[in-house]
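Right, one structure below, let's go through it.
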């Protein structure tokens, strides 16, 4: 029996959504990479300080994406049922949630920047660089939340090209401003890490303006207006909380876990911080297609359920799992081949470069597991309606397995940074066994009212 779907429309939708979302993601990450590269050429201390500050940005990203993913799960079903009114109401709920989270994180960072970064390292000069960056970049948090909720609303109705345009504009603006503000070119002052923060803040404001202009003048599917965000449907709000809160909680514990991982590595020295920053940034850049495949899956599965074509869900899930493995193998090979060339772009110490090379070698192997289990669980299972399972799974693996074992490696047994890093990434392989069983039992297919 051939498990692969033979519908051309299925492959066209999946690869189109994955491609465009992937391009958007790769350009979005290009913003971080441009900061990473330019600061890496400016000062290893500046690079390390901004890398720590960006852990707060990563937590914000996870919180906002948690609010947005709950929106996409529900809105994609409404899109399948052609219920535009409900999509507007869900967009309003998602926006309130995301802005509320961004404001809370901004308050913590703005009021306690030094204390926040001290959680990650005790290196005073690294913290000082990070604080100068954090005091400015925290003002971008609300703009980031608004932009990404609006883009998620559009993505749920299969409008994805605008995300690519927005991300490209952000990258170009950020690179140009980084060039003049970090190093002091073209008559501008040399601001180092602070200049990088100003560049990113400016780019975030402009991208929010672009997406708002698109929605007002060019969108023909949803027709969102400002007044739509002043009303809340309590019935849909309850459904959103039931479906979306496990996603938000899962993303929150994941974001906190990543911060805890950085804190563990951060207390192993400046070279380890820099190496982890480089390896993680390059890894994120190479794996954009993997994460895009999860987003594409959420839209496809949600829309199919909304249309009432339940007979298509199982063959779609089987086919998607094969596609995930193929993407993982290709991604791992690309990361392994490019790692030496990429490290040549950084002006860092020999110790940091050697560690970064080791870290990327580990990631080129574990990415195969990431490529399978992450979209299988967050794409198929979540969009099918079982949003709690990923929460429980992430909590168990990250907080009961990975972080305790990593802390023991680093602080009790005092093992090398490489062994510690392997422990940090072990869950990416272990979760595959859980994903295989969970996805192929098909108990995750649920309606909103269940």
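Residue numbers (UniProt numbering): 1 to 450. A virtual CB, placed ideally from N, CA and C, is assigned to each residue, including glycine. Remember, it's a predicted structure, so these values are computed and weren't measured experimentally.
Check	Outcome
Can you tell which of 88, 76, 292 and 55 has its C-alpha closest to the C-alpha of residue 371?	292
Under DSSP, the alpha helix (DSSP H) around residue 440 begins and ends at which residues?	Neither: residue 440 is in no alpha helix (DSSP H) and is coded neither H nor E.
Assuming residue 283 and residue 363 are in contact, meaning their beta carbons sit under 8 Å apart, how far apart are those beta carbons, in whole angstroms?	5 Å
Near residue 14, which residues of its chain fall below 8 Å by C-beta distance, leaving aside the five closest residues on each side in sequence?	293, 296, 297, 300, 320 and 323
May I ask which residues mark the beginning and end of the alpha helix (DSSP H) holding residue 372?	350-374
Run through DSSP, which three-state label would residue 223 get?	coil
Rounding to the nearest angstrom, what Cα-Cα distance links residue 350 and residue 111 in this structure?	37 Å
If you scan the region 138-197 from start to end, which runs of the alpha helix (DSSP H) of 4 or more residues do you find wholly inside it?	141-156 and 161-183
Have a look at residue 273 and residue 129 and give me their C-alpha separation to the nearest angstrom.	13 Å
Which of the three DSSP states, helix, strand or coil, is assigned to residue 308?	coil
How many angstroms separate the CA atom of residue 34 from the CA atom of residue 442?	42 Å
Take the Cβ of residue 394 as the centre, count every other Cβ of all protein chains shown within 10 Å, and call the residue buried at 16 or more, exposed below.	buried
Who are the Cβ neighbours of residue 359 in its own chain at under 7 Å, not counting the five residues just before and after it?	275, 276, 279 and 421
Around the C-beta of residue 16, are 16 or more other C-beta atoms found within 10 angstroms, so that it is buried, or is it exposed?	exposed
Between which two residues does the alpha helix (DSSP H) carrying residue 82 extend?	Careful: residue 82 lies outside any alpha helix (DSSP H) and carries neither H nor E.
Look at the alpha carbon of residue 5 and the alpha carbon of residue 318, and state the distance between them as a whole number of angstroms.	8 Å
Using a 10 Å radius around the Cβ and a threshold of 16 neighbouring Cβ atoms, would you call residue 427 buried or exposed?	buried
Where does residue 385 fall in DSSP's three states?	strand
Using beta carbons (cut-off 8 Å, strictly below), is residue 344 in contact with chain B?	As a matter of chain content, chain B is missing from the structure shown, which is built from one protein chain.
Residue 193 and residue 144 - do their beta-carbons sit closer together than 8 Å?	no
Tell me whether residue 5 sits in a helix, a strand or coil according to DSSP, three-state version.	coil
Please tell me whether residue 68 and residue 149 are closer than 8 Å, where the distance is taken between their beta carbons.	yes
Expressed to the nearest angstrom, what Euclidean distance is found between the alpha-carbon atoms of residue 258 and residue 367?	16 Å
Considering only residues of the region 229-316, which uninterrupted alpha helix (DSSP H) runs meet the minimum length of 4 residues and lie entirely inside it, listed in chain order?	234-266, 270-286 and 288-307
Rounded C-beta distance between residue 133 and residue 196? I'm assuming under 8 Å.	6 Å
Okay, do the region 162-174 and the region 206-215 touch, 3+ Cβ pairs below 8 Å being the bar?	yes
Based on Cα-Cα distance, which residue from 23, 396, 389 and 92 lies nearest to residue 225?	92
Taking the alpha carbon of residue 227 as the reference point, which residue from 22, 9, 85 and 388 has its own alpha carbon closest?	85
State buried or exposed for residue 199, treating a residue as buried only when at least 16 other CB atoms are found within 10 Å of its CB.	buried
Applying the 10 Å Cβ sphere with the 16-neighbour rule, what's the burial state of residue 431?	buried
Compute the beta-carbon to beta-carbon distance between residue 210 and residue 239, rounded to the nearest angstrom, for a pair I have assumed lies under 8 Å.	Actually they do not touch by this definition, with Cβ atoms about 31 Å apart.
CA-CA distance, residue 25 and residue 267?	30 Å
Given residue 53, which residues of its chain have a CB within under 7 Å of its CB, disregarding the five upstream and five downstream residues?	117, 130, 133, 134 and 137
Would you report the Cα separation of residue 174 and residue 413, rounded to the nearest angstrom?	42 Å
Rounded to whole angstroms, what's the CA-CA distance from residue 66 to residue 415? Just pull it up for me.	34 Å
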